[in-house]
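Written out below as structure tokens is the structure these notes cover.
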Amino acid sequence: MGAEAVLALMDAKPDTPACVVSLDGNQTVRVPLMECVERTKSVQEAMNKKNFQEAVRLRGKSFQNNLATYLRLSKLRPPKVMCDPTGQVCSSGKKLAVMNIGAPACGANAAVRSFVRFALTKGYTVLGIHDSFDGLLYGDVKPIGWTDVHGWTCQGGSLLGTKKCTAARYGLDKVAEKLKEHDISGLLIIGGFEAYHSALQMTEARSKYDAFCIPMVVIPCTISNNVPGTDFSLGADTALNEIADICDRIKQSATGTKRRVFIVEVMGGYCGYLATMAGLAGGADAAYIYEDPFNITNLRDDVVHLKNKIIQLGVQRGLILRNENANANYTTDFIHQMFSEEGKGSFTCRKNVLGHMQQGGVPSPFDRNYGTKMASKAVDYMITKVEENTTEDGKIKSCTKDSAVLLGMCRRQLLFTPLEDLRGITDFEYIDLWNLGVDRIIENMETSSDKKAMEYFKETLKFKNGRYYVKWPWKENTPELPDNRELALGRLKSCVARMRKKPDLLTKYDTIIQDQIQKGIVEEVNEFRTDGRKHYIPHHAVITPQKSTTKGENSVRCVGKKQQGNAKFE
Numbered sequence: 001m002g003a004e005a006v007l008a009l010m011d012a013k014p015d016t017p018a019c020v021v022s023l024d025g026n027q028t029v030r031v032p033l034m035e036c037v038e039r040t041k042s043v044q045e046a047m048n049k050k051n052f053q054e055a056v057r058l059r060g061k062s063f064q065n066n067l068a069t070y071l072r073l074s075k076l077r078p079p080k081v082m083c084d085p086t087g088q089v090c091s092s093g094k095k096l097a098v099m100n101i102g103a104p105a106c107g108a109n110a111a112v113r114s115f116v117r118f119a120l121t122k123g124y125t126v127l128g129i130h131d132s133f134d135g136l137l138y139g140d141v142k143p144i145g146w147t148d149v150h151g152w153t154c155q156g157g158s159l160l161g162t163k164k165c166t167a168a169r170y171g172l173d174k175v176a177e178k179l180k181e182h183d184i185s186g187l188l189i190i191g192g193f194e195a196y197h198s199a200l201q202m203t204e205a206r207s208k209y210d211a212f213c214i215p216m217v218v219i220p221c222t223i224s225n226n227v228p229g230t231d232f233s234l235g236a237d238t239a240l241n242e243i244a245d246i247c248d249r250i251k252q253s254a255t256g257t258k259r260r261v262f263i264v265e266v267m268g269g270y271c272g273y274l275a276t277m278a279g280l281a282g283g284a285d286a287a288y289i290y291e292d293p294f295n296i297t298n299l300r301d302d303v304v305h306l307k308n309k310i311i312q313l314g315v316q317r318g319l320i321l322r323n324e325n326a327n328a329n330y331t332t333d334f335i336h337q338m339f340s341e342e343g344k345g346s347f348t349c350r351k352n353v354l355g356h357m358q359q360g361g362v363p364s365p366f367d368r369n370y371g372t373k374m375a376s377k378a379v380d381y382m383i384t385k386v387e388e389n390t391t392e393d394g395k396i397k398s399c400t401k402d403s404a405v406l407l408g409m410c411r412r413q414l415l416f417t418p419l420e421d422l423r424g425i426t427d428f429e430y431i432d433l434w435n436l437g438v439d440r441i442i443e444n445m446e447t448s449s450d451k452k453a454m455e456y457f458k459e460t461l462k463f464k465n466g467r468y469y470v471k472w473p474w475k476e477n478t479p480e481l482p483d484n485r486e487l488a489l490g491r492l493k494s495c496v497a498r499m500r501k502k503p504d505l506l507t508k509y510d511t512i513i514q515d516q517i518q519k520g521i522v523e524e525v526n527e528f529r530t531d532g533r534k535h536y537i538p539h540h541a542v543i544t545p546q547k548s549t550t551k552g553e554n555s556v557r558c559v560g561k562k563q564q565g566n567a568k569f570e
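Laid out in structure tokens, this is it:
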């Protein structure tokens, strides 16, 4: 948000209204300040009038959804007309199932709790599949009641149990047989890349197995944030908090020890999300990730940077983060040994491999709320698809691509994306590399006018008759140019003095100038002009007798300026 605030200042014009930089979904947005003030006042006025419904409406759709979710989940039991307290006898007579697949990540239990209670309030029985496909194949499938998930929100890990195996490894025929045996009408899969891959495998096998023709929803839940179809996965926020906290402790451990650099390895597979974001949060000097290739020269430059920073600026500690699969050759051990050797006399070096502690911890408030909201939307979507695809005999026949989806945060909103559409953008070898949206903020701080100018330059650049031609775009937000009348007049006198030595040249040059005046290309400066114009373009003669076309022309000098100030060229 700080970077967005700087960009907002750079893009601002004198008539640009004041704005507030805020978050909308997963994106930073600029909202007019007065609009925010008016909304705030409107909410307070509604509260003073005790018009609480209007106050809720004015607070926005997100607040309305959060309030509705709280009211539905905070009750002691589901409505009697929908389900009994055990959740085994429900009004719809249909069963929905939930399972975890992949590595543990915080927030999964909050999502399960939300899914169970929302489904019960809708009249659906919920089956909990324990230990991923192991539980499905070996009979560890049990109904989950309202009170069974009490207290799950604040629990880390996966209370249902989870494994990193896909459906194909167990056999799609066996999985289909068990889904049919338990009469499952809809399936929610919460997990990482293996969860997405398993759902995709089952979707593609629908033509062979009718048991897969049910609504399926995947909620991305992984600290690696490497699942396609979402900008942000459940569990990543807690992992970042853990890494930042651990890095702070590591640096604090060096209190009293002068000049020490720490090399910290984080998880994430081939996805550099954790390393990059933890680097921003922890104030790291560098973050080595697979998406941004690096070599020995980059490592050497970072050593030099740290030496200068420590010796010249008096900084006592340094921090380097490395993604676990950043490079097959430049391992954490290699980087540690190199920094230790090259930093002799300047700093000492220590390495830390964080390991599975990144998957633990207490879920952050963000992941708790995020998991709750994701599961509530998944229930509504799944039940809608179940009701739309129920046949006359009560069976579910759902084979459309929008009945097997992944729910993810895409820019400003939660979207359901068909799994079939995601296959084409999935990197199965490196498990979906992360899009570096925040990498190298400094290097990518081009303004919109800079980009427009470059695009216009590329569009109009042509090579013709041995020379390049390009049209100049209008530049926005240009600085005020200085009064260079005396400078331009001095260069004109110098130009005329040189050409007077060659009268024929002076005559030809005068002919060129007069022709351009008649065509409106240039205009003569009026000595008594008072319209505020004060910047002028000096010119001189260019003679090219070797050319068969233009043997003489005048050339403008847009770089002419005083020692202080800007030139027209700039």
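If you're matching positions, the sequence shown starts at 1 in the UniProt record's numbering and goes up one per residue. Beta carbons are placed, not taken as given, at the ideal position from N, Cα and C, and that holds for glycine.
- DSSP places Tyr196 in the helix class (H, G or I) of the three-state scheme.
- The region 369-383 makes no contact with the region 334-353: fewer than 3 CB pairs, one atom from each, lie closer than 8 Å.
- Secondary structure remark: continuous beta strand (DSSP E) runs of at least 3 residues inside the region 115-155, in chain order: 125-129 and 141-143.
- For Leu319, the closest C-alpha among the options Ile537, Asn329, His305 and Lys519 is that of His305.
- Look at the region 17-88 and you find these whole runs of alpha helix (DSSP H), each 4 residues long or longer: 33-48, 52-58 and 61-73.
- Put simply, of Val43, Ala239 and Leu407 the residue whose alpha carbon is nearest the alpha carbon of Ala281 is Ala239.
- The region 172-184 makes contact with the region 120-139; the number of CB pairs closer than 8 Å reaches 3 or more.
- Pairing Ile289 with Thr297 gives a Cβ-Cβ distance that is not under 8 Å.
- Residues Leu58 of the same chain have their beta carbon placed closer than 8 Å to that of Ser42, with the five preceding and five following residues left out of the count.
- Bounds of any beta strand (DSSP E) do not take in Cys495; it lies within the alpha helix (DSSP H) bounded by Arg485 to Met499.
- In this model, Asn465 and Asn325 are separated by some 52 Å (Cα to Cα).
- The C-beta distance from Ile101 to Thr28 rounds to 33 Å, too long to fall under 8 Å, and the pair is not in contact.
- In this chain, the alpha helix (DSSP H) harbouring Arg300 covers Ile296 to Leu313.
- When DSSP states are grouped into helix, strand and coil, Pro418 belongs to the strand group.
- Contact annotation: Ala103 and Gln359 have beta-carbon atoms nearer than 8 Å.
- Between Ile129 and Ala167, the gap from beta carbon to beta carbon reaches 8 Å or more.
- In this structure Thr125 touches Cys90 by the C-beta definition: roughly 5 Å separates them, less than 8 Å.
- Relative to the Cα of Gly191, the nearest Cα in the group Glu459, Thr86, Ser62 and Phe133 belongs to Phe133.
- Within a 10 Å sphere around the beta-carbon of Met99 sit 16 or more other beta-carbons, which makes this residue buried.
- Where Pro220 is concerned, the enclosing beta strand (DSSP E) starts and stops at Met216 to Pro220.
- Take Leu505, set aside five residues on each side of it, and the residues of its chain with a beta-carbon closer than 6 Å to its own are Met499, in chain order.
- When the five nearest sequence neighbours on each side are left out, the beta carbons in the same chain lying within less than 6 Å of the beta carbon of Ile184 are those of Lys95 and Ala97, in order along the chain.
- A straight line joining the alpha-carbon of Thr390 with that of Ser364 spans about 39 Å.
- Sorting Ile263, Phe463 and Leu200 by C-alpha distance to the C-alpha of Gly424 places Leu200 at the top.
- Its chain contains Lys94, Ser185, Gly186, Pro215 and Ile396 as the residues whose beta carbon lies nearer than 7 Å to that of Val386, once the 5 sequence neighbours on both sides are disregarded; these appear in chain order.
- In the three-state reduction of the DSSP assignment, Ser403 falls in the helix class, which pools H, G and I.
- Rounded to whole angstroms, the separation of the alpha carbons of Ala46 and Glu54 is 6 Å.
- Looking at the backbone, the Cα of Ala12 and that of Ile311 are separated by about 39 Å.
- For Gln252, there are no CB contacts under 7 Å within the same chain when 5 residues up- and downstream are skipped.
- Runs of beta strand (DSSP E) with 3 or more residues, each lying fully within the region 158-199, are found at 184-191, listed in chain order.
- When the Cα atoms are used, Thr332 and Asp292 turn out to be separated by approximately 16 Å.
- For Lys519, the three-state secondary structure derived from DSSP is helix.
- Contact between Cys106 and Gly156 holds, with the beta-carbon distance rounding to 5 Å and staying under 8 Å.
- Rounded to the nearest whole angstrom, the C-alpha separation of Ala119 and Asn65 is 17 Å.
- Annotation for Phe366: Asp237 place their beta carbon closer than 7 Å to its own, counting only its chain and skipping 5 residues before and after.
- Annotation: the continuous alpha helix (DSSP H) that includes Leu240 extends over Ala236 to Ser253.
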